[in-house]
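Asks:
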């Protein structure tokens, strides 16, 4: 009798163990499939009537909110055209540099249009469409102490960077001895520079040039640091329907010189006409 009871106990324990294992595997499977489906197809976006586009809200003149609470800027001009051509309403979702990949991977946005520089590392996590702007890194500092080189650096001096931007890994790899102050947003980095928390700010050259033009007490001492890169829209990895539509749209817009019009509507007051041909990419075709 005792033998039968022992056998029965073993059978019950085994059954329970199998049950828990099966449940655990099912949960893992569900979680995995949800991760793969964290994006909406082009048809789903059309049916919903709204496309969610991640943009900056504090980065004038690329993406910012004006005094009337309206989104404005170079990326916003493009986003509105995408919504118009797709026949849907645009829902702007404010993002920071460090959140851009996360917002795509979690399905919070369908597209990122937030000065997103194309890099090999980012290509492993998101899919980039054709580019629409050229960019490099630049360095801005107070006009009475212009930083013209990062060589022979004073170890006590700190550089300001924004987490999640290309400036951060570039400096860590190429200038590992320079101490960095890292901030989460354009606004906090700008305030840090203005408050003297760092000797200079390293960011996309388009942004530091814009900052210096808007703030006469600051000068861009290095207008090109590192390699030339491009800026492009990004979608969730594997979202082929939206990616293919974006590529076709960018090619089509190039036929009407849309990005030159965008520049003239949103950037010319900041940069003037001298930077237009250097910055603008039409139809996704780099020179």
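Numbering (mature numbering (1 follows the signal peptide of the UniProt record, and there is no 0)), first residue to last: -24 to -1, 1 to 263. Glycine included, each C-beta is placed from N, C-alpha and C at the ideal position. Fair warning: this is a prediction, and the values are worked out from it, not measured in the lab.
Can you tell me which of 188, 227, 171 puts its alpha carbon nearest to the alpha carbon of residue 179?
Replies: Ranking the options by Cα distance to residue 179, first place goes to 188.
Asks: Return helix, strand or coil for residue 227, following the three-state DSSP convention.
Replies: If DSSP states are grouped into helix, strand and coil, residue 227 belongs with the helices.
Asks: Consult DSSP for residue 167 and reduce its assignment to one of helix, strand or coil.
Replies: Helix, per DSSP.
Asks: Do the CB positions of residue 242 and residue 30 come within less than 7 Å of each other?
Replies: Against a cut-off of 7 Å, the Cβ pair of residue 30 and residue 242 comes out as no contact.
Asks: To which residues of the same chain is residue 95 closer than 8 Å at the C-beta, ignoring the five residues directly before and after it?
Replies: 142, 205.
Asks: Would you mind sorting residue 6 into buried or exposed? The rule is 16 or more other CB atoms within 10 Å of its CB.
Replies: Low per-residue confidence applies at residue 6: pLDDT is 31, beneath 50, and the placement is therefore not dependable, though the value from the model is reported in the following sentence. So residue 6 ends up on the exposed side.
Asks: Per DSSP, residue 179 forms a beta bridge with which residues?
Replies: DSSP lists 114 as partners of residue 179.
Asks: Near residue 173, what residues of its chain come up, given a Cβ to Cβ distance below 8 Å and the 5 sequence neighbours on each side ignored?
Replies: Excluding positions up to five away in sequence, the list reads 134, 136, 157.
Asks: Tell me which same chain residues have a C-beta within less than 8 Å of the C-beta of residue 121, skipping the five on either side of it?
Replies: Only 175 meet the Cβ criterion.
Asks: Do you know offhand how far residue 52's Cα is from residue 69's?
Replies: Cα to Cα, residue 52 sits roughly 11 Å from residue 69.
Asks: If you run the structure through DSSP and keep just helix, strand and coil, what is residue 70?
Replies: Three-state DSSP puts residue 70 in a strand.
Asks: At which residues does the alpha helix (DSSP H) containing residue 154 begin and terminate?
Replies: Careful: residue 154 lies outside any alpha helix (DSSP H) and carries neither H nor E.
Asks: Helix, strand or coil for residue 90 per DSSP?
Replies: Note: residue 90 maps to coil in three-state DSSP.
Asks: Can you tell me which of the three DSSP states residue 30 falls into?
Replies: Reduced to three states, the DSSP call for residue 30 is strand.
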